[in-house]
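Student: Residue numbers (numbering that gives the first Met the number 0): 0 to 279. Even glycine gets a Cβ: it sits at the ideal position worked out from N, Cα and C.
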Amino acid sequence: MQLNMGQAWSDATGILGANRDTVLAVAGLFFFLPSFTLALIVPEAINPAPVNAPPGTDPQVAMNAAWEAVAKQYIDNWPLFLLLSLAQFIGTLSLLALLTDRARPTVGEALQRGLKSTPSYLAAQICVALFAGVVVGVPLGLLGAFAPPALTIMVGLVLVLVLLYLMIKFSLIAPVIAIESELNPINAMRRSWQLTKGNSFRLVAFFLLLIIAIGVVSLLFTLVLGTVFAAFGDPVANIGTALVSSLVNAAVAVLVLGVLAAIHRQLSGSTSEAVANTFE
Numbered sequence: 000m001q002l003n004m005g006q007a008w009s010d011a012t013g014i015l016g017a018n019r020d021t022v023l024a025v026a027g028l029f030f031f032l033p034s035f036t037l038a039l040i041v042p043e044a045i046n047p048a049p050v051n052a053p054p055g056t057d058p059q060v061a062m063n064a065a066w067e068a069v070a071k072q073y074i075d076n077w078p079l080f081l082l083l084s085l086a087q088f089i090g091t092l093s094l095l096a097l098l099t100d101r102a103r104p105t106v107g108e109a110l111q112r113g114l115k116s117t118p119s120y121l122a123a124q125i126c127v128a129l130f131a132g133v134v135v136g137v138p139l140g141l142l143g144a145f146a147p148p149a150l151t152i153m154v155g156l157v158l159v160l161v162l163l164y165l166m167i168k169f170s171l172i173a174p175v176i177a178i179e180s181e182l183n184p185i186n187a188m189r190r191s192w193q194l195t196k197g198n199s200f201r202l203v204a205f206f207l208l209l210i211i212a213i214g215v216v217s218l219l220f221t222l223v224l225g226t227v228f229a230a231f232g233d234p235v236a237n238i239g240t241a242l243v244s245s246l247v248n249a250a251v252a253v254l255v256l257g258v259l260a261a262i263h264r265q266l267s268g269s270t271s272e273a274v275a276n277t278f279e
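1. Touch check for the segment 30-45 and the segment 72-85: three-plus C-beta pairs under 8 angstroms?
2. Taking only three categories from DSSP, how would you classify V41?
3. Rounded to a whole number of angstroms, what is the C-alpha to C-alpha distance between L28 and V255?
4. Confirm, please, whether the CB-CB distance from V41 to Q72 is below 8 angstroms.
5. Rounded to whole angstroms, what is the Cα-Cα separation between F88 and T151?
6. Residue range of the alpha helix (DSSP H) that T196 falls in?
7. Is D75 buried or exposed, if buried means 16 or more other CB atoms sit within 10 Å of its CB?
8. Let me know if L156 comes out buried or exposed under the rule of 16 or more other beta-carbons within 10 Å of its beta-carbon.
9. Given L79, which residues of its chain have a CB within under 8 angstroms of its CB, disregarding the five upstream and five downstream residues?
10. Does the beta-carbon of M188 have 16 or more other beta-carbons within 10 angstroms, so that it is buried, or is it exposed?
11. Within 10 angstroms of the Cβ of L218, are there 16 or more other Cβ atoms? Answer buried if so, exposed if not.
12. Look up E272 in the DSSP assignment and say whether it is helix, strand or coil.
13. When we look at the beta-carbon of F200 and count the other beta-carbons within 10 Å, is it buried (16 or more) or exposed?
14. Determine the extent of the alpha helix (DSSP H) in which T240 is found, giving its start and end residues.
15. Could you compute how far the alpha carbon of E279 sits from the alpha carbon of A131?
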């Protein structure tokens, strides 16, 4: 089945709008609140301190120092980031089940399904990471160690495209687990690969357009409100930045999940009428 991008977008906005109140409640609990709490506890996570490099410092050295500072934040606060990830995993699977199950589960039932599915989703993500590491990481590492720099760069660009392809092929793992109740991570990976067959380029184009649109709107929203909060001084600015960042993250997560749910319904053979009937 060929993906109809316009229909996927219409279905996504339709299923989100049809159950707006419930979506807001679940998104607030599993996306907004965890992100906002983390941003207040570790403000550097959303607003990293600039690296004070001496004049004349090699740009590569300065960039490495910036990456090391970011990595240090994750290492020092890994329990908090782990809890945030788990909350978002549960929220992701719960929302997908809530948005697309025509049996109309209650919020409690959807949350139970999300909690039950989280180990499978986590295992699938680990399997995908290992698979990508073997397919992309190992060749890139060998090239970096033994091949000339020019060849490493050329092949590296090809491997980046391979990585992008793998991301597209496994992009429907979460809907497969949450909606089809496929708790075997390998089967979920196989099913996602099957559903996206023949639509990889369409999905790349769709996701690229979505990323650009979301990025522009998010940037404008953050800049405008960030400027307003900055006028009130550091304490208010810090809280305001955390608030805006968490709101944007939650909104983006909900929109992306709506799109994934709509794509899954379309590629799995469900009709747009079935999507509409979910909340009738």
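Tutor: The relevant details are as follows:
1. yes
2. coil
3. 17 angstroms
4. yes
5. 35 angstroms
6. The sequence given here has Lys at residue 196, not Thr. First-last for K196: undefined, no H or E at that position.
7. exposed
8. exposed
9. L37, I40, V41
10. buried
11. exposed
12. The pLDDT assigned to E272 is 46, lower than 50, so where the model puts this residue is not dependable; a value taken from the coordinates is nonetheless given after this. Three-state DSSP puts E272 in a helix.
13. exposed
14. 233-266
15. Residue confidence is low: E279 scores 41 on pLDDT, short of 50, so the model does not pin down where it sits. Its coordinate-derived value is still stated next. Distance between the alpha carbons of E279 and A131: 41 angstroms.
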